[in-house]
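**Q** Residue 38 is where the sequence shown starts when you use the working numbering, and the numbers rise one by one after that.
Glycine is no exception: its CB is placed at the ideal position from the N, C-alpha and C atoms.
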Amino acid sequence: MNGVGYKIPVSVLVVVHTPDLQVLLLERADRPGFWQSVTGSQDGDETLEQTALREIKEETGLDAARYRLIDWHKQNRYEIYLNWRHRYAPGVTHNTEHVFGLSVPAPLSITLAPKEHLRYAWLPWRDAADKVFSWSNAEAIRELPQRVAAY
């Protein structure tokens with residue numbers, strides 16, 4: 038959050054995956070049944086990579102620096118859901134999301150942030166793409182086979 042307590046409308050989406058394209062999904066605590074990849078807003082003067090590393094640590098307990106974090110150089114701009122808009126400064130209606138991939142060697146045990154997520158699951162990429170609630174998250178997961186081939 039910035040100095041006045043509002044979230045910055047710039048965020049990261051990190052698709053955490055294995056070489057055989059299993060994808061980590063997290064179920065939101067504030068919206069049971071809503072599954073997603075690691076996400077979070079930029080904080081202060083962080084770079085996008087620093088935001089990704091921090092969010093991965095906060096939401097999963099993983100030290101992403103031990104693995105391969107790749108900036109996909111992909112951005113999505115979308116309207117912020119009304120029920121989350123109060124977190125942003127008055128008049129802010131859109132967010133710009135920057136997509137990253139994090140390759141881990143196998144499905145790992147995750148330490149959830151209990152106030153943020155209820156459960157986690159490792160799913161084959163097609164199943165994961167069908168399960169997430171966000172169109173941009175689904176699109177990123179569907180790109181995973183081509184992205185991994187280019188790593």
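On the CB-based measure, 16 or more other CB atoms within 10 Å of its CB, does LEU119 come out buried or exposed?
**A** Around the C-beta of LEU119, fewer than 16 other C-beta atoms lie within 10 Å, and the residue is accordingly described as exposed.
**Q** Got a sec? Which residues, its chain only, sit under 8 Å from SER48 by beta carbon, not counting five neighbours each side?
**A** THR76, GLY77, SER78, GLN79, THR88, ASN132, THR133, GLU134, HIS135
**Q** Taking the Cβ atom as the reference point for each residue, do LEU139 and VAL53 lie within a distance shorter than 7 Å?
**A** yes
**Q** So LEU58 packs on LYS168, CB below 8 Å; how close in whole Å?
**A** About 14 Å; that fails the 8 Å criterion.
**Q** Output the distance between the C-alpha atoms of ILE147 and ASP100, rounded to the nearest integer angstrom.
**A** 11 Å
**Q** How big is the Cα-Cα spacing for ARG124 and ARG156?
**A** 24 Å
**Q** Report the rounded CA-to-CA distance for TYR43 versus GLU83, giving the unit in angstroms.
**A** 15 Å
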